[in-house]
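**Student:**
Written out as structure tokens, the structure is:
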């Protein structure tokens, strides 16, 4: 009995132990991924413990640098975001390896030069991704370290959006030709907010540039490269100053704000306006014939001289109608010649000017084949089933219009057609105004709005809060194929004056050739107005949120123009009103605006600033 009892006791004890272990494992599995729940969150970025060579060491000859941190680190796109200055034609090799960052400089070291490796915001710890902001490591191949800095912001000249991830740099050579022939002396990369800080600068006078460097040579030599140029040379300097610093104590506690003395390097508020020159190589991009009676040519740039298209395997009995885009970079030829239109293949010679390898326009001739594949015809059996109904049916087309049930008091009505209209029977146009309860006939004017008869518009002195009715009988419009339109009917109402708001802008100071642009919440232009000093009125606006932009139309050509470095022409100046303007129905809002009162990089409202694209990470292990 004693032996049996001991065996039973051991067996039960072992069973309980197995159950206990199994339960613990189940709980552990259920909580996998939750991680530790206690303790404060790590909010501290990595700390540099030591480096080889030492920070700001002089007389350095080695091209291999090692940085040692207190925790495992990672780098975000080091090839793009880590910048070595002076500019490296052969990119440096930069890797995060555990708690160490390894940098190998593949270019030869320059004598008596301060080197700066600027990590920007690319370096973070591997767990919580706490960024070591504005971290830069420097050393010198000479006996001293240069410590001056030049800082600022790069903005898109037209939209005032920040321009991220491009090069900002300086030249000690103040000649214009230096930027187009000599690599930048010292460089930095712009942040997501477009800001830059060029470090390790020797005290002196410099010209400041920004460059979207397409070929990695650090100077402006390709028209497709975007640039920004600060207009005047700058002189470096420094002074003692005070700033507010935020001391983070705990992720769950309020941060502490302290006043801190620091050395302020100047200039540090430069604003560079970034632009791309108006340039594209002229070439024939493609040609197409999607319908029997229309061929289209697409060019890479505008045509100052119209190309010539000549038939090779046929002769025109009637010349085609030419439909042109504003810049003559898209040309459509509508074929009126019915015999030519029915041909499966049209062989033609195109005479035009094409860019050569250096961008010069040269006379060029291309032979083009325009093929059209006819859709398959219905079988005889299908046609016989349709019987007499098919023979009686007249082919017509629908009128396309932007006319809806509600119409704004200051607008025209547009009609678009798929083929050029050659004949209009005005007797089939009927327009009515509702007076009290009766519909009374009225006269509406029809106007062609393009070269070939694809777009027509109608205007009328609309009365607010009034009902109208438009009717177009069948066969009012006839296109050049002899096909006619379907019947079109639309009743609509013009909005009441109480539905609208007005915005009045007074400019001070006022600059000649100013153009005001009213924008929606997508930064798109909804109204344009040539400005005067005061009482610039945007009328008949629907309630909503709007934004305001203006530009100085220096050449008075009616649109914003980009810059040209060689011609020493800056992009036309742009300003944004710094806040949203909310309009309410039946309200007039008057707003004074001094466009230069607020710095350019603080003007554009945040909610319409274009957000930069996110980039990936690589890093420690």
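Numbering (our numbering), first residue to last: 162 to 782. The C-beta atom is built at its ideal place from N, Cα and C for all residues, glycine as well. Quick caveat: nothing in here was measured; it's all calculated off a predicted structure.
Could you give the DSSP three-state label for residue 573: helix, strand or coil?
**Tutor:** The residue given as residue 573 occupies position 412 in the chain shown. Residue state, collapsed to three classes: coil.
**Student:** So within the stretch 310-357, which uninterrupted alpha helix (DSSP H) runs reach at least 4 residues, ignoring any that extend past its ends?
**Tutor:** Within the stretch 310-357, the complete alpha helix (DSSP H) runs of at least 4 residues are 339-342.
**Student:** Shorter than 7 Å, the distance from the beta carbon of residue 498 to the closest heavy atom of the ligand HEM, or not?
**Tutor:** The model depicted lacks the ligand HEM and carries no ligand whatsoever.
**Student:** Could you spell out where the alpha helix (DSSP H) holding residue 240 opens and where it closes?
**Tutor:** Position 79 of the chain shown, counted from the start, is the residue given in the question as residue 240. Unbroken alpha helix (DSSP H) run through residue 240: 239-242.
**Student:** Return helix, strand or coil for residue 516, following the three-state DSSP convention.
**Tutor:** The residue you call residue 516 lines up with position 355 of the chain shown. Reduced to three states, the DSSP call for residue 516 is strand.
**Student:** Whose CA, out of 209, 676, 688, lies closest to the CA of residue 695?
**Tutor:** Position 534 of the chain shown holds residue 695. Selected option, being the one with the closest Cα: 676.
**Student:** Pull up the DSSP beta-bridge partners for residue 561, would you.
**Tutor:** By one-based count along the chain shown, residue 561 stands at place 400. Bridge partners of residue 561: 577.
**Student:** Find out if the Cβ-Cβ distance for the pair residue 115, residue 499 is shorter than 8 Å.
**Tutor:** Residue 115 cannot be examined here, being either before or after the span of the chain that is shown, 162 to 782.
**Student:** Measure the CB-CB distance between residue 330 and residue 275 and report whether it falls below 8 Å.
**Tutor:** Residue 330 sits at position 169 when you count from the first residue of the chain shown. Residue 275 sits at position 114 when you count from the first residue of the chain shown. It is not a contact, given that the beta carbons lie outside the stated cut-off.
**Student:** If you follow the alpha helix (DSSP H) that residue 501 is part of, which residue opens it and which one closes it?
**Tutor:** On the chain shown, residue 501 is found 340 positions in, with the first residue counted as 1. Element bounds for residue 501: 499-502.
**Student:** Would you give the residue range spanned by the beta strand (DSSP E) that residue 455 belongs to?
**Tutor:** On the chain shown, position 294 is the one that residue 455 refers to. Where residue 455 is concerned, the enclosing beta strand (DSSP E) stretches over 455-460.
**Student:** So which of 407, 686, 646 has the shortest CA-CA distance to residue 421?
**Tutor:** Stepping through the chain shown from its first residue, residue 421 is reached at position 260. The shortest C-alpha separation from residue 421 is found at 407.
**Student:** In terms of DSSP beta bridges, what is residue 281 paired with?
**Tutor:** In the chain shown, residue 281 corresponds to position 120, counting from 1. Residue 281 pairs with 296.
**Student:** With distances taken between CB atoms, is the gap from residue 398 to residue 427 smaller than 8 Å?
**Tutor:** Here residue 398 is taken as the residue at index 237 of the chain shown, counted from 1. Here residue 427 is taken as the residue at index 266 of the chain shown, counted from 1. Yes, Cβ-Cβ distance for residue 398 and residue 427 is below 8 Å.
**Student:** Could you spell out where the beta strand (DSSP E) holding residue 230 opens and where it closes?
**Tutor:** Locating residue 230 in the chain shown gives position 69, counting from the first residue. Unbroken beta strand (DSSP E) run through residue 230: 225-230.
**Student:** At 3 residues or longer, and completely inside the stretch 633-662: list those beta strand (DSSP E) runs for me, N to C.
**Tutor:** 638-640, 649-655
**Student:** Determine the direct distance from the alpha carbon of residue 497 to that of residue 563, and round the result to whole angstroms.
**Tutor:** Residue 563 sits at position 402 when you count from the first residue of the chain shown. Residue 497 sits at position 336 when you count from the first residue of the chain shown. Distance from the CA of residue 563 to the CA of residue 497, rounded to the nearest whole angstrom, comes to 28 Å.
**Student:** Could you tell me which residues DSSP puts in a beta bridge with residue 396?
**Tutor:** For the purposes of this step, residue 396 is identified with residue 235 of the chain shown, where counting begins at 1. Per DSSP, 366.
**Student:** Could you check if residue 402 is buried or exposed, using at least 16 other CB atoms within 10 Å of its CB as the buried criterion?
**Tutor:** Here residue 402 is taken as the residue at index 241 of the chain shown, counted from 1. Exposed: under 16 other Cβ atoms inside 10 Å.
**Student:** Excluding the 5 residues flanking residue 533 on each side, which residues of the same chain have their C-beta closer than 7 Å to its C-beta?
**Tutor:** On the chain shown, residue 533 is found 372 positions in, with the first residue counted as 1. Result list for residue 533: 450, 453, 505, in chain order.
**Student:** Rounded to a whole number of angstroms, what is the C-alpha to C-alpha distance between residue 652 and residue 466?
**Tutor:** Within the chain shown, numbered from 1, the residue matching residue 652 stands at position 491. Within the chain shown, numbered from 1, the residue matching residue 466 stands at position 305. Their Cα atoms are separated by approximately 46 Å.
**Student:** Measure from the alpha carbon of residue 686 to the alpha carbon of each residue in 671, 673, 665, 708, then state which is nearest.
**Tutor:** Here residue 686 corresponds to residue number 525 of the chain shown, with the count starting at 1. Answer by Cα proximity: 708.
**Student:** Taking the straight line between their C-alpha atoms, what separation do you get for residue 503 and residue 580?
**Tutor:** Against the chain shown, residue 503 aligns to sequence position 342. Against the chain shown, residue 580 aligns to sequence position 419. Answer to the nearest angstrom: the Cα atoms are 16 Å apart.
**Student:** Identify the continuous beta strand (DSSP E) that holds residue 204 and give its terminal residues.
**Tutor:** Locating residue 204 in the chain shown gives position 43, counting from the first residue. Under the DSSP assignment, residue 204 falls outside any beta strand (DSSP E); it carries neither an H nor an E label.
**Student:** In the DSSP assignment, the beta strand (DSSP E) including residue 606 goes from what residue to what residue?
**Tutor:** Start at 1 with the first residue of the chain shown, and residue 606 comes out as number 445. Here the beta strand (DSSP E) through residue 606 covers 606-609.
**Student:** If you compare alpha carbons, which of 523, 336, 354 is closest to residue 393?
**Tutor:** Here residue 393 is taken as the residue at index 232 of the chain shown, counted from 1. For residue 393, the nearest C-alpha among the options comes from 336.
**Student:** Between 322, 557, 728, which lies nearest to residue 764 when the distance is taken from Cα to Cα?
**Tutor:** Position 603 of the chain shown holds residue 764. It is 322.
**Student:** Looking at the secondary structure, which residues open and close the beta strand (DSSP E) in which residue 535 lies?
**Tutor:** In the chain shown, counting from the first residue as 1, residue 535 sits at position 374. Neither: residue 535 is in no beta strand (DSSP E) and is coded neither H nor E.
**Student:** Roughly how far, in whole angstroms, is the beta-carbon of residue 225 from the beta-carbon of residue 265, given that I think they are within contact range, below 8 Å?
**Tutor:** Along the chain shown, one-based indexing puts residue 225 at 64. Along the chain shown, one-based indexing puts residue 265 at 104. That pair is a contact at about 5 Å.
**Student:** Any chance the stretch 632-642 sits against the stretch 660-672, with 3 or more Cβ pairs inside 8 Å?
**Tutor:** No contact exists between the stretch 632-642 and the stretch 660-672.
**Student:** Per DSSP, what are the beta-bridge partners of residue 444 in this structure?
**Tutor:** Position 283 of the chain shown holds residue 444. For residue 444, which the question treats as bridged, DSSP gives no partner whatsoever.
**Student:** Am I right that residue 754 and residue 646 are in contact with their C-beta atoms under 8 Å? What's the rounded C-beta distance?
**Tutor:** Here residue 754 refers to the residue found at position 593 of the chain shown. Here residue 646 refers to the residue found at position 485 of the chain shown. Not really, about 48 Å apart at Cβ, beyond 8 Å.
**Student:** Mind the definition here: the stretch 589-600 touches the stretch 721-732 only if three or more C-beta pairs lie below 8 Å; say whether that holds.
**Tutor:** no
**Student:** Just checking, does the stretch 301-308 make contact with the stretch 384-392 on the three C-beta pairs under 8 Å criterion?
**Tutor:** no
**Student:** Kindly indicate which three-state DSSP category residue 730 falls into: helix, strand or coil?
**Tutor:** Start at 1 with the first residue of the chain shown, and residue 730 comes out as number 569. Strand at residue 730.
**Student:** For the stretch 234-244 against the stretch 284-293, do three or more pairs of beta-carbon atoms, one drawn from each stretch, fall closer than 8 Å, so that the two count as touching?
**Tutor:** yes
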